[in-house]
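Using this note's numbering, you'd call the opening residue of the sequence shown number 18 and step up by one each time. Glycine is no exception: its CB is placed at the ideal position from the N, C-alpha and C atoms. As the structure is a prediction and not an experimental result, all values here were calculated from the model. First comes the structure, then the notes that go with it.
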Amino acid sequence: MESLRNMVNSGLSSVISLVVTQKPQEVLVSDLQAACVPVTVDACRTCANPCDVGHQEYPRMFMTDTISEMRGTIRPYMRQVVISTGKADWVREVTDENGSLAHLLPRVVSAATVGSSPKQPNTTYPPAESTTRVDILNSSHRSEDDGNHRVLVFPDYKVVMHVSPNANGAQELYRNAVSPSVGRIGAGSVTETGNVSSYPLRYACVILLCSHKRRDYRCHISAPLLEASFCHALEGENWIVHYDLEDEDCMGLSLEDLEGTEKERDNFMADKLREASEGTAHDQKMALILKISHIGGHKFAGNVIIYTPQGTGVWYGRVSPHEVPAVVKHTILEGKILPLLLRGGVNLNRGQGQSLLDW
């Protein structure tokens, strides 16, 4: 009996040793600082436990992994494209839906990127080799154009309008905005790119919330609660919150209509992104909150991606309404990472004393 007990205990120890557990905050802070990532040591949760300020709660059945290490649980990517569908749930694998843009685009990408190197490479955290991978998501935002799509491109921080859900549309999107050979301003003029029009986003941040029920019910539960919590926190800071893109008429001159050299056009986009960051256009800062398809790591629900005009993308996991005030205060308003929530990100590195809001 004693021998059997020892065998069981030994087996359990072996299993436990295979689980990579979350490092303490002080270790995470040290690692991030060594990588020149702006970080805060403040708590992720500002309310008591149990909550004493009325934050919405996840239901009791909402079980998540609170033990495993989250850093490094995202696949490095060069660009992430977010396709308008007007839905908050999709087929289990969005790239398998025949005839959809999400189905067509990967085939264009895989046929075109063999041997390519990115013109505008990202830095990733944790560090990874340079990649030309394109991450393809569906989203809740809608298109003004019946039958066509509005596609957000990150970390470029722009929207590509009038993308047809056919092979030509996928080719056009790739050529103009997704190919490793093009920078953030795209490929060129309207005559060169066909029907699409691209515009810098006018939001001080874009918040993406995984809501993909057919992949995991937890994201379906967490997304609307997080959406309401982010809206409440941001409006409390006098921000305007949108759940869909502005009309094209409000977006100004398209990148394809710009004249001048590539450098002059890039400077124009840089100026527009600074205006978005500062809230110049509306005398108030604006945020866009969208629901998106599967991004992996459902065991870490709620999953949140935050993009900013500075070209930064922050991936957080284990976010609940209790953590949202700290995410807004420290990451969105101050440009600092909450280490215990971090899964990874793009372009997080900054100089000494700088925040993610610096250029």
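Taking the C-alpha atoms as reference points, what is the distance between residue 126 and residue 72?
Using only the alpha carbons, I get a separation of about 43 Å.
How about residue 338 and residue 250: are their beta carbons less than 7 Å apart?
In this structure, residue 338 keeps its C-beta atom at 7 Å or more from the C-beta atom of residue 250.
For residue 227: DSSP bridge partner residues
Per DSSP, the beta-bridge partners of residue 227 are 309.
According to DSSP, residues forming a beta bridge with residue 96
Looking at the DSSP assignment, residue 96 forms a beta bridge with 151.
Please state if the CB of residue 172 and the CB of residue 364 are separated by a distance shorter than 7 Å.
Their beta carbons are under 7 Å apart, which means residue 364 touches residue 172 by this criterion.
Considering only C-alpha positions, which residue in the set 135, 143 and 228 is nearest to residue 330?
Closest option to residue 330, Cα to Cα, is 143.
Examine the Cβ distances between the region 239 to 258 and the region 192 to 201 and report whether three or more of them are shorter than 8 Å.
In short, these stretches do not touch, since the Cβ pair count stays below three.
Can you give me the C-alpha to C-alpha distance between residue 140 and residue 347, rounded to a whole angstrom?
So the alpha carbons of these two residues sit roughly 21 Å apart.
Rounded to whole angstroms, what's the CA-CA distance from residue 99 to residue 167? Just pull it up for me.
So the two alpha carbons sit approximately 8 Å from each other.
Could you give the first and the last residue of the continuous alpha helix (DSSP H) run that contains residue 360?
The continuous stretches of alpha helix (DSSP H) do not include residue 360, which lies in the beta strand (DSSP E) extending over residues 359 to 363.
Between the C-alpha atoms of residue 231 and residue 304, what's the straight-line distance to the nearest angstrom?
Rounded to the nearest angstrom, the two C-alpha atoms are 27 Å apart.
Residue range of the alpha helix (DSSP H) that includes residue 286
According to the DSSP assignment, residue 286 belongs to the alpha helix (DSSP H) that extends over 279 to 295.
Please work out which residues of its chain come closer than 6 Å, Cβ to Cβ, to residue 334, disregarding the five sequence neighbours upstream and downstream, and give them in chain order.
Correct list, in chain order: 87, 314, 317, 320 and 360.
So residue 299 and residue 257 are in contact, right, with Cβ under 8 Å, and what is the actual spacing, rounded?
At roughly 6 Å, the Cβ-Cβ gap stays under 8 Å, so residue 299 and residue 257 are in contact.
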